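I have placed the structure first, in the form of structure tokens, so that the comments after it can refer back to it.
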């Protein structure tokens, strides 16, 4: 096989993971660029096929060598760790959490063994995985631990809008304490490397402030002067085209307008809120999400990992209403990384 092999983890079986994977792989363009293989459960994928409905066939495989890579057939490495009768859609269950983590572990193992070229992850439920005894705050931390990576960051991308985080799954109070020069400089470097991997030859990086109006010369906080500005200046000395700190209330408009290629943000919601305002569009009249776009990328790993930029959507699981847009984008971005 000359095309990239992309492993897609099914996510929490009680959520919309199987459904959005089936809908995404009902897309001939993906098979022209890559050979996808799902790491998950044949039974849940078959249920999703019936739910849509679709003529797609499910092909269980023992190893990557058995992949057909043919449009119309979804290859699945079935870990046989859960059955449809074990759980209910839309309900937090430790059995589903355990299965979801085992899918991730298997995909990481395949990537480390270079049997696949990239991993795309479906949504997991943090409560479920912790109930199952896996004490992680999210996918990013699982991948970092299993690949023994110290310097990594979460990056979100949706067309021209991109952000990368200094901190993610911690309390807001703790996030403020994590705004340190060394970490900011690391994330600026990771942003520069990631964008170059996406064929942006000379990335323009905007670095956000932490406080309102970047602290107003110390009136509202001193992190900008003490930590952020020194990190930006050091990055500039190293030849990186970085600017900042830039006021958080204007930085995203500037990135979206093309003045910069990415924003380095100081904490989880500072980056996630603008991304989801742009990418998630709900039609109140039709009572459905018309757009659920955006990709989550873990930058700095020795393997390629992209993900949907949304959760398990338990409220619509098993109903056939899930939007596959983010899953398609995550697969396409994984392919793009493998090509570069």
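Numbering (our numbering), first residue to last: 23 to 362. Cβ atoms here follow ideal geometry from the backbone N, Cα and C, with glycine treated the same way. Treat the numbers as computed from the prediction; the structure is a model and nothing was measured.
Taking only runs of the alpha helix (DSSP H) that begin and end inside the segment 214 to 269, which ones reach a length of at least 4 residues, in chain order?
DSSP runs (the alpha helix (DSSP H)) wholly in the segment 214 to 269: 251 to 259.
Please determine if the segment 199 to 214 and the segment 294 to 312 are in contact, where contact requires at least 3 C-beta pairs separated by less than 8 Å.
no
Would the segment 284 to 294 and the segment 225 to 232 be scored as touching if the rule is three or more Cβ pairs under 8 Å?
With a cut-off of 8 Å, the segment 225 to 232 and the segment 284 to 294 count as touching, because enough Cβ pairs lie within range.
On a Cα-Cα basis, can you pick out the residue from 344, 356, 210 and 256 that is closest to residue 285?
210
Contact between the segment 207 to 225 and the segment 256 to 266: three or more CB pairs below 8 Å?
yes
Take every Cβ of the segment 308 to 318, pair it with every Cβ of the segment 78 to 96, and state whether three or more of those distances are shorter than 8 Å.
These segments do not touch.
Comparing alpha-carbon positions, which option in 141, 65, 79 and 108 lies nearest residue 354?
141
Exposed or buried, what is residue 280 when buried is set at 16 or more other beta-carbons lying within 10 Å of its beta-carbon?
Answer is exposed; the Cβ neighbour count stays below 16.
Can you check DSSP and say which residues form a bridge with residue 122?
The partner list for residue 122 (beta bridge, DSSP) is empty, contrary to what the question assumes.
Residues in its own chain within less than 7 Å of residue 251 by CB, not counting five upstream and five downstream?
267
With 16 as the cutoff for other CB atoms within 10 Å, does residue 240 come out buried or exposed?
exposed
Skipping 5 residues on each side, what residues in its chain have a beta carbon closer than 7 Å to that of residue 352?
Cβ neighbours of residue 352 within its own chain (closer than 7 Å, five residues either side excluded): 142, 317, 328, 329 and 330.
Specify the secondary structure class of residue 62 as computed by DSSP and reduced to three states.
strand
Do residue 83 and residue 69 have their beta-carbon atoms positioned less than 7 Å apart in this structure?
no
Could you tell me if residue 123 is buried or exposed, where buried requires 16 or more neighbouring beta carbons within 10 angstroms of its beta carbon?
buried
Only counting the same chain, and skipping five residues up and downstream in sequence, which positions put a Cβ closer than 6 Å to that of residue 189?
The beta carbon of residue 189 is closer than 6 Å to those of 197, 200 and 289 in its chain, skipping five residues each way along the sequence.
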